[in-house]
Structures are given as C-alpha cells and as structure tokens.
Amino acid sequence: QVQLVESGGGLVQPGGSLRLSCAASGTIFSRYRMGWYRQAPGKQRELVATVARGGDTNYADSVKGRFTISRDNAKNTVYLQMNNLKPEDTAVYYCNGGPVVGTTGVYWGQGTQVTVSS
C-alpha cells in the first residue's frame with residue numbers, strides 16, 4: 046500500500062519560512078515525478094511545484110524565486126522549502142506522486158495546513 050505523509054505545516058508570519066516534507070512508502074519512489082499542490086478555501090487545487098525523477102523542477106509563477114522543491118531518493122522524501130511567505134500562500138498543501146494519470150500522479154497525501162498571517 047502506497048502512502049504519502051506530509052509534515053511541516055503551521056502558522057507563520059508574512060516574510061517567514063517553512064519547510065514541508067513528504068515521506069513516501071510502499072512504492073519505488075525514485076521512479077516517479079513528485080510534486081506539491083495546494084488548495085485554498087473556495088479555490089481549486091493548484092500546482093505549486095514538481096520535481097522529476099532526474100531532478101528537473103517546475104514551479105508555478107506565483108512561487109518562483111521563493112519556493113524550492115527537492116528530493117532525496119535515498120530517504121524516499123520530497124521537500125518544499127518556502128521562503129518569503131505571503132498571506133496568499135495560505136492553503137492546505139498536498140504531496141503528489143506515482144504513475145501519472147492525466148496531469149498528476151495517482152497518489153496523494155492527506156495534506157498539511159500552511160497559514161501565513163500576522
């Protein structure tokens with residue numbers, strides 16, 4: 046059974062930083078593209094960043110220059126370093142991976158809340 050477990054969310058002031066982690070189990074992690082998505086209240090889930098199995102990265106325009114996605118295949122873990130956080134970054138962040146069907150991997154984590162507020 047494949048599991049993606051996120052951690053690292055929380056409350057942070059504008060301009061602050063957080064680091065999200067996603068630990069994968071039950072699959073050959075290194076084979077797949079991994080990504081982070083987010084969903085704010087009343088909005089659709091949107092792409093934040095992806096990292097291919099070879100390390101190539103892709104970012105939403107809204108987070109370029111502030112967020113960094115990375116992966117450690119030895120630890121089966123993908124990270125999202127978020128700097129200079131803004132109130133509009135407030136959302137539930139979801140880890141995603143596995144074989145791609147459509148535009149996303151088939152596996153999702155349970156989500157972790159990120160709140161940016163003073």
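Read left to right, the sequence shown gives residues 46 to 163 (the numbering used here). Think of the CB as a built atom: it goes at the ideal place given N, C-alpha and C, for glycine as much as any other residue.
Using 8 Å as the threshold, is the C-beta distance between Met79 and Val96 below it? With respect to Val96, Met79 sits close: the two C-beta atoms are nearer than 8 Å.
Roughly how many whole angstroms lie between the Cα atoms of Ser163 and Pro59? Answer to the nearest angstrom: the Cα atoms are 6 Å apart.
DSSP state of Pro144 mapped onto helix, strand, coil: Looking at Pro144 - three-state DSSP - the assignment turns out to be strand.
On the three-state DSSP scale, how would you describe Ser75? Helix, per DSSP.
Complete runs of the alpha helix (DSSP H) confined to the stretch 83-143 [at least 4 residues]: As far as the stretch 83-143 is concerned, it has no whole alpha helix (DSSP H) run of at least 4 residues.
Where Gly154 and Arg111 are concerned, what is the direct C-alpha to C-alpha distance, given to the nearest angstrom? Going by the C-alpha atoms only, they are around 23 Å apart.
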